[in-house]
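A.B. asks:
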Amino acid sequence: MFSNRAGRRLPGGGGPGPHGRPAGEGRGEAHAVTTPSQPATPRRGVPADEAGTRERVLELIVERGPVSAATLARVLDLTPAAVRRHTTHLEDLGQIRVHEPTGTGQRGRGRPARHYVATDAGRSVLTDAYSDLATQALQFLRDAAGEGALDAFAEARVSELERRYAPLLEQAGPVPAARANALAAALTADGYAATTRAVGPKGFALQLCQGHCPVQDVAEVFPQLCEAETQAFSRLLGVHVQRLATLAGGGHVCTTHVPLSAVPTPLTTRDAGAARSRTKSPSGVTEGN
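Going by the working numbering, the sequence shown opens with residue 41, and the numbers climb by one from there.
#1: Which whole-angstrom value is the C-beta distance of Thr-295 and Leu-284, which I expect to be below 8 Å?
#2: What would DSSP say about Ser-108, mapped onto helix, strand or coil?
#3: Would you report the Cα separation of His-139 and Pro-254, rounded to the nearest angstrom?
#4: For Arg-137, I'd like the list of residues in its chain whose CB is within less than 6 Å of its CB, leaving aside the five on either flank, ordered along the chain.
#5: Beta carbon of Asp-172, beta carbon of Asp-257: below 9 Å?
#6: To the nearest angstrom, how far is it from the Cα of Arg-114 to the Cα of Ala-217?
#7: Would you kindly check if the distance between the Cβ of Gly-251 and the Cβ of Thr-235 is under 9 Å?
#8: Report the start-end ranges of each beta strand (DSSP E) in the stretch 225 to 261 that is 3 residues or longer and not cut off at the edges.
#9: So what does DSSP say about Ser-129, is it helix, strand or coil?
#10: Return the chain-ordered list of same chain residues with a C-beta closer than 6 Å to the C-beta of Thr-270, the five sequence neighbours on each side being excluded.
#11: Quick check: what's the CA-CA separation for Ala-91 versus Leu-130?
#12: Ile-101 to Cys-249, Cα distance in whole Å?
#13: Output the distance between the C-alpha atoms of Leu-112 and Gly-231, rounded to the nearest integer angstrom.
#14: Would you tell me roughly how many angstroms separate the C-alpha atoms of Arg-104 and Ala-196, rounded to the nearest one?
#15: Starting from Pro-299 and walking both ways along the alpha helix (DSSP H), at which residues does that stretch end?
#16: Between the C-alpha atoms of Ala-117 and Arg-275, what's the straight-line distance to the nearest angstrom?
#17: Whole angstroms is fine: what's the gap from Ala-272's alpha carbon to Arg-124's?
#18: Using only CA atoms, which one of Thr-228, Leu-265, Ala-161, Thr-127 lies nearest to His-292?
#19: Alpha carbon to alpha carbon, what distance is there between Val-281 and Pro-207?
#20: Take Gly-134 and list the residues in its own chain whose beta-carbon comes closer than 8 Å to its own, dropping the five residues that flank it on each side.
#21: Within a Cβ cutoff of 7 Å, which residues of the same chain sit near Gln-176, ignoring the five residues on either side of it in sequence?
#22: Between which two residues does the alpha helix (DSSP H) carrying Val-198 extend?
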């Protein structure tokens, strides 16, 4: 979900723009991970540097999961034994789990590599406060003014992000992959731990993945927030995108399918507002994307 972080200092963790993922790994290794607002809960008596490393392990799993221990060791320049120590502790805390893809058989001889994803408890380390208050406020809005007011709120919420992101995507040019990478970079700067990865035959499509949702708990109750965000992605990228999974819906990451076969029309800041106004007909029926 979009979250306006304007005026709020983001902890360290900038990084390069996203790229395609390496073969056999998680959602790619495109960005340095955004530091969460709270560290993973350390054991009492654990040295500060040990707790800090464990926090980084959790961040990487949130952003890149499913991710192997070998990748964690390589990115963080740790020994396999050190990675095992941290992943074991995070598993004990219930903040990560081993990812077991469905439909996969035994992979050759020996023990298959373990890949980790974050649990709800692990992602909650990164979740902003006041989600209960926000949920209650939206429930009051719906009860007082109806579903239409809730839809209008969801659209207004993403409109500010569209205004901020549109110039960044214009600079990326008309190529859909470049625009999607620019969108992922902008989302990561706002705390969404976003990456892209290629899928299907070369040039067919990519997936935009968001490892963190600041309003996940609220979106579980009000899916209109997810729907408005998906429509905003379509307008920004200039292609019809499809939301495949959301954290709010139980996925381990928000995944958006972005086709690369169509060349979008560059979207200006003025166009973003006009596109939003065209998504509703006079009768209130959603049109277009």
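Glycine included, each C-beta is placed from N, C-alpha and C at the ideal position.
C.D. replies: In short, the structure shows the following:
#1: 4 Å
#2: strand
#3: 23 Å
#4: Thr-159
#5: yes
#6: 27 Å
#7: yes
#8: 234 to 239, 245 to 250
#9: Rather than Ser, the amino acid found at residue 129 in this sequence is His. It is helical.
#10: Arg-283
#11: 11 Å
#12: 13 Å
#13: 20 Å
#14: 30 Å
#15: Careful: Pro-299 lies outside any alpha helix (DSSP H), inside the beta strand (DSSP E) at 294 to 299.
#16: A small correction: the amino acid at residue 117 is Asp; Ala does not occupy that position in the sequence shown. Spanning the two alpha carbons is a distance of roughly 40 Å.
#17: 40 Å
#18: Ala-161
#19: 20 Å
#20: Thr-159, Ala-161, Gly-162
#21: none
#22: 187 to 212
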